[in-house]
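Numbering-wise (the UniProt record's numbering), the sequence shown opens with residue 1 and increments by one.
For every residue, glycine included, the Cβ atom is placed at its ideal position computed from N, Cα and C.
On a predicted model such as this, the values are computed, not experimentally measured, just so you know.
Only one structure is covered here, and it is reproduced in the block below.
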Amino acid sequence: MSKAVAIVGAQMAASQAPVSEVKELWFVDVQALFQNYANLRSFAKTDEAQTTIGGLVFGRKARKQVIHVFFAYAEDLIDSNLQFLLSSLSAGSREKRAH
Numbered sequence: 001m002s003k004a005v006a007i008v009g010a011q012m013a014a015s016q017a018p019v020s021e022v023k024e025l026w027f028v029d030v031q032a033l034f035q036n037y038a039n040l041r042s043f044a045k046t047d048e049a050q051t052t053i054g055g056l057v058f059g060r061k062a063r064k065q066v067i068h069v070f071f072a073y074a075e076d077l078i079d080s081n082l083q084f085l086l087s088s089l090s091a092g093s094r095e096k097r098a099h
């Protein structure tokens, strides 16, 4: 099930709280999104309840469609891990185009 989600940017008005402004409208499979998050949380230990979770979003910019959200513990989202992940994904897409 795909739903539209707004990508917003906060703007500060003079002496006011941030005001959200819609920048773009993208589509995301919300069932897959929540399942991926639930899968990560199922591996969490009880003492990790307060661990910060971050995510990488992969999508098709031309179609404004989110394909996958990769959730990970924030401390694992370091540059070397991100570079490895991105190079692996790039190699996979090159391989698919070659066949």
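Open item on the list: Does Val28 pass the burial test, meaning 16 or more other C-beta atoms within 10 Å, or should it be called exposed?
Closed with: Val28 should be labelled buried.
TODO: Give the DSSP bridge partners of Ala72, in chain order.
DONE: Bridge pairing for Ala72: Gly54 [DSSP].
Open item on the list: Could you compute how far the alpha carbon of Leu89 sits from the alpha carbon of Asn81?
Closed with: If you take the alpha carbons of Leu89 and Asn81, they lie about 12 Å apart.
Task: Own chain partners of Arg60 with C-beta closer than 8 Å, once the 5 adjacent residues on each side are dropped - done: For Arg60, same chain residues with a beta-carbon under 8 Å away, outside a window of 5 residues either side, are Ile67 in chain order.
Open item on the list: Using only the alpha-carbon positions, how far apart do Ser42 and Asn36 sit?
Closed with: Ser42 and Asn36: Cα-Cα distance of roughly 10 Å.
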